[in-house]
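The sequence shown begins at 1 in full-length UniProt numbering and counts up one residue at a time. Cβ atoms here follow ideal geometry from the backbone N, Cα and C, with glycine treated the same way. Input: a single structure, listed below in structure tokens.
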Amino acid sequence: MMTTRALYNHLCEQEAQRLADIDFNSSYSLEVDINSIAYRPVFLSTMEEQFMSTLAKEQIRTLVKFSGTDHEDVVKWLFDFETVFDRAQLQISNKYIAVQSYLTDTAEKWFRHNKSTISDWSTFKLEIIKAYQPSLNQMLLKMEQRRQLPHESVLEYYVDKRQLCSQADPSMSSAMVIH
């Protein structure tokens, strides 16, 4: 059935009139059951669900593996993982399972050796940071040596520099940051 513009306008007017005729009782109150609020967004269609699923899979595929070398930043690596996992709405137990496949070389050996004491995602994050976080001196040196790159915007440089500062000392004074 083809809907003409006139028929469409008529249907819209009918619906507007129907909605206008609804009488709301002023004593009626909306009560929200906190248990009925879901974390996942409500999808309007199967196509949107498929799109979100595909997007999550693509983002997870782009994650880099962590081997535990000195030039790798474990805090940034974990932050990137947490961001993608949260976007993909992975449950905490699944984060712990998934992250294991992104460990290689020394980090993988470290995990296998310590697996008996690392039983969940929170413990994993704490332990891998303890094992692979650079020393304070290394972080301060990296922060001090950071210079703006030729094709880097001021904002990109600033954000990166602030991130380095917060890794070295989350409560760093403004005077130290400027230095």
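*asked:* Between Thr69 and the ligand SAH, is there a pair consisting of the residue's CB and a ligand heavy atom that are separated by less than 7 Å?
replied: In terms of ligand content, the structure shown is empty, and the ligand SAH therefore cannot be addressed.
_Terminal residues of the alpha helix (DSSP H) in which Val64 lies_ = Here residue 64 refers to the residue found at position 64 of the sequence shown. Where Val64 is concerned, there is no enclosing alpha helix (DSSP H), given that its DSSP letter is neither H nor E.
*asked:* Count Cβ pairs between the segment 59–75 and the segment 91–102 that sit closer than 8 Å; are there 3 or more?
replied: yes
*Could you pull the start and end residues of the alpha helix (DSSP H) that Leu103 belongs to?*
For the purposes of this step, residue 103 is identified with residue 103 of the sequence shown, where counting begins at 1. Unbroken run through Leu103: none, as it is neither H nor E.
*Span separating the alpha-carbon of Lys76 from that of Asn9*: What you label residue 76 is simply residue 76 of the sequence shown in a count that begins at 1. What you label residue 9 is simply residue 9 of the sequence shown in a count that begins at 1. Between Lys76 and Asn9, the C-alpha separation is close to 55 Å.
*Grouping DSSP H, G and I as helix and E and B as strand, with all else coil, what is Arg87?*
Sequence index remark: in the sequence shown, residue 87 carries index 87 (1-based). Arg87 falls in the helix class under three-state DSSP.
*Taking the alpha carbon of Gln163 as the point to measure from, which residue in Ala56, Phe111, Lys115 and Asp73 has its own alpha carbon closest?*
Counted from its first residue, the sequence shown places residue 163 at position 163. The option with the nearest alpha carbon to Gln163 is Asp73.
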